[in-house]
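Residue numbers 376 to 735, in the numbering used here, belong to the letters of the sequence shown in order.
For every residue, glycine included, the Cβ atom is placed at its ideal position computed from N, Cα and C.
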Amino acid sequence: MIDMRQKQNKRKGVALLVALLVIMAVTIISLGFLSKSDMQMLSGGNMELRAKMDYLAESGLDHARGLILNPTGVAMGGSPYWTGATRQQLDNTSYDYYDVTVVRDVNSSLGRRFVINSTAYREKGSTRIAQSQMTADMWRPLPLFSYWAGVGGGDIPTEVSITGDVYIADNVVVNGTITGDLYATGSITGAVGGYEFPNTSAITRNWRTYADFAPTYFIDSNEYTATEICGTIQDTVLGPTAGNPAGVYYCLGNTWLFNNVTVNGTLVSGNDTKVEDVNCVITAIPEYGFPAMFVGRDFYLRKNADVVSNGDIEILGEININGDAAAARLTVNNGGMYAQSGGYKAVSASGIWSIVVNGH
376 MIDMRQKQNK RKGVALLVAL LVIMAVTIIS LGFLSKSDMQ MLSGGNMELR
426 AKMDYLAESG LDHARGLILN PTGVAMGGSP YWTGATRQQL DNTSYDYYDV
476 TVVRDVNSSL GRRFVINSTA YREKGSTRIA QSQMTADMWR PLPLFSYWAG
526 VGGGDIPTEV SITGDVYIAD NVVVNGTITG DLYATGSITG AVGGYEFPNT
576 SAITRNWRTY ADFAPTYFID SNEYTATEIC GTIQDTVLGP TAGNPAGVYY
626 CLGNTWLFNN VTVNGTLVSG NDTKVEDVNC VITAIPEYGF PAMFVGRDFY
676 LRKNADVVSN GDIEILGEIN INGDAAAARL TVNNGGMYAQ SGGYKAVSAS
726 GIWSIVVNGH
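As structure tokens, then:
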């Protein structure tokens, strides 16, 4: 005879075993999900870190691009172009850095090709736990020259110092100082701070004319009236007005600058401009893109001339230093000096004179 209690106990044992198997299966499946979730989280974190390193490496490329195209005020470390930097950061509280190296291909067309390498990395202690590297070729446009001279402008006298790149449509003899590159259509004699590019094809420049400034000029599509002044200027302060926001002042003929002349704007001469005395400061208003001075023919430094141009000087003729220029000084800041018909001519001054161009 079968014991019913024994049957019930067996059924309970089977049920418990089934329950344990189910719990075990659920546990194993749950652990699998947890493990898979952890892997997905780790994978997602790695993808996020990789993306951050890629973006940081791109930032390094943009850093180099900006400083190559706009080198004004950049510490070059003795090189004519920015060569890179190490351990740069976007956020100095993080462990993320990037290194940038820049190599110029001087054998490329006019030396305009630059090879940029950027390496981004996350560092903890002395260990790099992530890294991304990118390389790019960049072709720089033609430089925004600090000095430009046409045919006949080949000499750079000892009294001349130019910060930036130079173009001269002639054979060139360098006795002065050029910190940047020198491009010449002929031969080059003497040393420069940057690279020399002799026998270069002619580089054209878009020259403005007197009519671009006087008697009226345009800012965008709006026309304004320049202010006419007499040919002799001294003890004068000129600047923008409501009807002349760029502060353009012009003289159809020759313009003579004597003592204490301040122009906040653009001084335009239809013919020659001659500077004879001290304290002449011409400051262009940069947002309009106009030069500090526009000279329709030749520019002369005479006697004790002391003139500062904060902005470009555009000269359709040549630059003359007269024999009576005993202590003449010309300083160009944040701009260039451009002579269409030639460079320095009639340099017969016996005294101490100087021209300093702190260019682009």
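Ser684 and Arg704 - do their beta-carbons sit closer together than 8 Å? no
Which residues DSSP lists as bridging Val490, in chain order: Val478 and Asp512
Starting from Lys649 and walking both ways along the beta strand (DSSP E), at which residues does that stretch end? Thr648 to Val650
Which value, in whole angstroms, describes the spacing of the CA atoms of Gly486 and Ser434? 24 Å
Let me make sure I understand the geometry here. Which of Pro532, Asp595 and Tyr592 has the alpha-carbon closest to that of Gly565? Pro532
Does DSSP classify Val397 as helix, strand or coil? helix
Spatially closest choice to Asn492 from Asn467, Thr461 and Leu392, by CA coordinates: Thr461
From Val477 to Leu557, what distance separates their C-alpha atoms? Counting only the Cα atoms, Leu557 lies some 20 Å from Val477.
Between the Cα of Trp514 and the Cα atoms of Asp480, Ala621 and Thr575, which residue gives the shortest distance? Asp480
With distance defined between alpha-carbon atoms, name the residue in Val638, Leu627, Gly664 and Phe633 nearest to Asn646. The residue with the shortest Cα to Cα distance from Asn646 is Leu627.
Lys649: buried (16+ other C-beta within 10 angstroms of its C-beta) or exposed? buried
Within 8 Å, strictly: CB atoms of Asn629 and Asp610: no
Distance check for Pro518 and Gln506, CA to CA, integer angstroms please. 34 Å
Residues in the same chain with beta-carbon distance under 7 Å from Ile694, minus the five sequence neighbours each way, listed in chain order, please. Phe674, Ala714, Gly718, Tyr719 and Lys720
Starting from Ile537 and walking both ways along the beta strand (DSSP E), at which residues does that stretch end? Val535 to Thr538
Might you give, ordered along the chain, the residues of its own chain that have their beta carbon closer than 7 Å to the beta carbon of Gly671, omitting 5 neighbours on each side? Tyr585, Ser644, Gly645, Asn646 and Leu691
Looking at C-alpha atoms only, which residue of Tyr625, Thr602, Thr579 and Thr560 is the closest neighbour of Asn619? Thr602
According to the neighbour-count rule (16 or more other Cβ atoms, all chains shown, within 10 Å of its Cβ), is Arg677 buried or exposed? With 16 or more other Cβ atoms within 10 Å, it is buried.
Nearest-angstrom Cα distance between Tyr599 and Phe665? 14 Å
Would Gly569 and Pro455 be called neighbours here (beta carbons separated by less than 8 Å)? The answer is yes: Cβ separation under 8 Å.
Applying the 10 Å Cβ sphere with the 16-neighbour rule, what's the burial state of Ile537? buried
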